[in-house]
Amino acid sequence: MNPTLEIFSQGEEVVTGQTVDTNAAWLSEHVVAMGFTVTRHTAVGDKLDDLVTLLREISVRADSCICTGGLGPTSDDLTAEAVAKAFDLPLEFDDVAFEQIKRFFMLRNRPMPESNRKQAMFPKGAERIDNGWGTAPGFSLQVGRCWFAFVPGVPFEMRHLFSESIQPTLASRFLLRPGKLITIKTLGVGESAIQERISAIEIPPQVQLGFRASPDDVQTKLLFPHDYPEAAVAALASKVAKELGDSVFAIDGFGRASGDLVFVIDQLMTVGGHTLAVVETASQGLLAAKCIGLPWLLETRYEQSLERLGQKLAVTVNGNDLIATAQVVASEIKKTGAADFVLVQLYAGDNKTFHDKDQSIILYNTLLTGDGFHQTTHSVAGPIKRKQNQAALLALDLLRRYLQHKEL
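As structure tokens, then:
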């Protein structure tokens, strides 16, 4: 059995929704990769009795716990006080921590408020976790079966303390057998459709199947035990990927991580020595923004109006035949530009439809390459920013499919 770990987030801003708890997700991903089983994410506001109760519960049910937040200098930062009360460990002043806090302010030519002295108070027996990126040192201690680590809630500081101190300590304190995580990344197919497509595949009970949907892709995750045969891992991942077909743009877990869709396209464009020109309408510049800084993107154009696009290129456009219009636009760009490929994105629907979350628009994507035109058509609905993002991704996905020799 893998050791268990809980993640405990403290702060009124977390439980009220004013702050999104990205720390818990980041920590979970990293400790699961180490070989822990994460059993709970818990968030508690700035209430001392609630914090004390939770700390006591965790100490008897988990092997480890990482707590974020509540280490600041103000009256609502209660973590150290809660630990002291929960486990009858009086707070003690740490001279080294205090010198570090004073130095933080001195290096910035700022006076240290007296309230920051509080951050040098730790429960008796706790080990200090030095923080070179802020004023709040962390601390750790063993209580019962559980090893606790308490770190600031500021994500930048938390990640540094985890990587430099907590992760090495966890690796030395626990016998960890990391599982093997395979992540299959898709675009253009939703979670429910993915589950339906792979429903006939028998997933062994010891393999965890999960899904993660984001604005830019949907990920199908297979978590295998550490001793699962490599050949069986590859066979099951291959079955799942086959059922998902050409919507799969990358698979992580068999070596170097592939990154997002743009990262995959960047590798393909660079290896092939290709260059690209883009004409955007629905994505309104977002497609180019996703490819910012990539040397193969030679030219981008954005026009909100099809008529204005036609006027600027001095070509005839036909709103009733966007496929033919996209080909005309692509041909003109190719004729006057230096790029190998031209990607044109047009959409059917007026401005009112584009802004209406209950109305869909039809995307017409055309890619002109050395061997002719390649086209895809999609229906996109939702709020305007979703339409914009999907328009950018689906246009880029046409390029990806061509480069990977997939069905369009």
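Numbering (this note's numbering), first residue to last: 19 to 426. Think of the CB as a built atom: it goes at the ideal place given N, C-alpha and C, for glycine as much as any other residue.
Measuring CB to CB, does residue i end up less than 8 Å from residue j?
i, j, result
"Asn407", "Gln393", "no"
"Leu199", "Ser82", "no"
"Gly63", "Glu24", "no"
"Thr204", "Val266", "yes"
"Leu381", "Ala300", "yes"
"Lys239", "Thr201", "yes"
"Glu317", "Ala348", "no"
"Ile119", "Asn134", "yes"
"Val333", "Glu325", "no"
"Leu414", "Leu305", "yes"
"Val297", "Arg319", "yes"
"Phe229", "Glu261", "no"
"Ile402", "Phe372", "yes"
"Gly390", "Gly197", "no"
"Ile269", "Ala255", "yes"
To the nearest angstrom, how far is the alpha carbon of residue i from that of residue j?
i, j, result
"Val32", "Ile351", "50 Å"
"Asn6", "His244", "With the chain running from 19 to 426 in the structure shown, residue 6 is simply not present."
"Glu220", "Val236", "21 Å"
"Phe242", "Phe192", "20 Å"
"Leu331", "Glu321", "11 Å"
"Thr92", "Gln28", "14 Å"
"Leu416", "Ala342", "17 Å"
"Ala356", "Gly291", "13 Å"
"Leu159", "His48", "21 Å"
"Glu132", "Phe123", "12 Å"
"Ile142", "Ala61", "Rather than Ile, the amino acid found at residue 142 in this sequence is Lys. Going by the C-alpha atoms only, they are around 25 Å apart."
"Thr86", "Phe26", "6 Å"
"His138", "Ala167", "In the sequence as displayed, the identity of residue 138 is Ala instead of His. Approximately 16 Å, taken between the alpha carbons."
"Val282", "Arg404", "22 Å"
"Asp284", "Ala231", "23 Å"
"Glu116", "Met130", "According to the sequence provided, residue 116 is Phe. The question's Glu does not apply to it. When rounded, the distance between both Cα atoms is 11 Å."
"Leu227", "Ser77", "29 Å"
"Gln329", "Trp314", "27 Å"
"Val398", "Leu107", "58 Å"
"Ser181", "Leu412", "36 Å"
"Leu426", "Pro247", "35 Å"
"Ile212", "Gln185", "34 Å"
"Ala144", "Phe272", "40 Å"
"Ala51", "Asn338", "52 Å"
"Val56", "Gln36", "25 Å"
"Arg126", "Phe140", "25 Å"
"Ile216", "Gly367", "35 Å"
"Trp44", "Gln377", "35 Å"
"Val70", "Arg418", "53 Å"
"Arg128", "Lys375", "49 Å"
"Ala252", "Val346", "45 Å"
"Gly303", "Asp234", "16 Å"
"Ala218", "Gly90", "52 Å"
"Ser46", "Asn20", "14 Å"
"Leu72", "Asp39", "18 Å"
"Ala388", "Lys353", "Contrary to the premise, residue 388 reads as Gly rather than Ala in this sequence. Between Gly388 and Lys353, the C-alpha separation is close to 12 Å."
"Val161", "Asp68", "18 Å"
"Glu214", "Gly206", "15 Å"
"Lys136", "Ile84", "21 Å"
By DSSP's criteria, residue i is part of a beta bridge. Which residues make up the other side?
i, result
"Thr86", "Ser27, Val169"
"His59", "Ile25"
"Arg319", "Val297"
"Ala231", "Val236"
"Ser158", "Glu145, Ala167"
"Thr40", "Answer is none; Thr40 lacks a bridge partner."
"Tyr382", "Leu364, Thr395"
"Leu331", "DSSP, once it has assigned bridges, lists no residue as partnering Leu331."
"Glu110", "Phe140"
"Gln226", "Leu241"
"Thr387", "Gly390"
"Phe359", "Leu294"
Near residue i, what residues of its chain come up, given a Cβ to Cβ distance below 7 Å and the 5 sequence neighbours on each side ignored?
i, result
"Asn149", "Pro155, Gly156, Pro170, Glu175, Leu179"
"Ser172", "Sequence check: residue 172 is Val here, not Ser. Cβ within range, chain order: Gly152."
"Arg74", "Ala104"
"His396", "Leu381, Leu412"
"Ile379", "Ala300, Tyr365, Ala366, Gly367, Thr371, Phe372, Val398, Lys405"
Which same chain residues, not among the five before or five after residue i, have their C-beta less than 8 Å away from its C-beta?
i, result
"Glu99", "Leu66, Leu109"
"Val280", "Lys308, Cys309, Leu312, Leu414"
Beta-carbon within less than 6 Å of residue i's beta-carbon, same chain only, minus the 5 sequence neighbours each way: which residues are those?
i, result
"Leu12", "What the structure shows of the chain is the stretch from 19 to 426, and residue 12 is not part of that stretch, so it cannot be assessed."
"Ala80", "Thr22, Glu24, Cys164"
"Gly88", "Gln28, Asp95, Leu96, Thr97"
"His59", "Ile25, Ala42"
"Leu286", "Leu421"
"Lys424", "Asp264"
When every heavy atom of the ligand MG is checked, does at least one fall within less than 7 Å of the C-beta of residue i?
i, result
"Thr71", "No copy of the ligand MG occurs in the structure displayed, which carries no ligand at all."
Ignoring anything shorter than 4 residues or poking outside the segment 234-294, list the alpha helix (DSSP H) runs there in chain order. 248-262, 279-290
Tell me the start and end of each unbroken beta strand (DSSP E) in the segment 180-209 that is at least 3 residues and wholly inside, in chain order. 198-204
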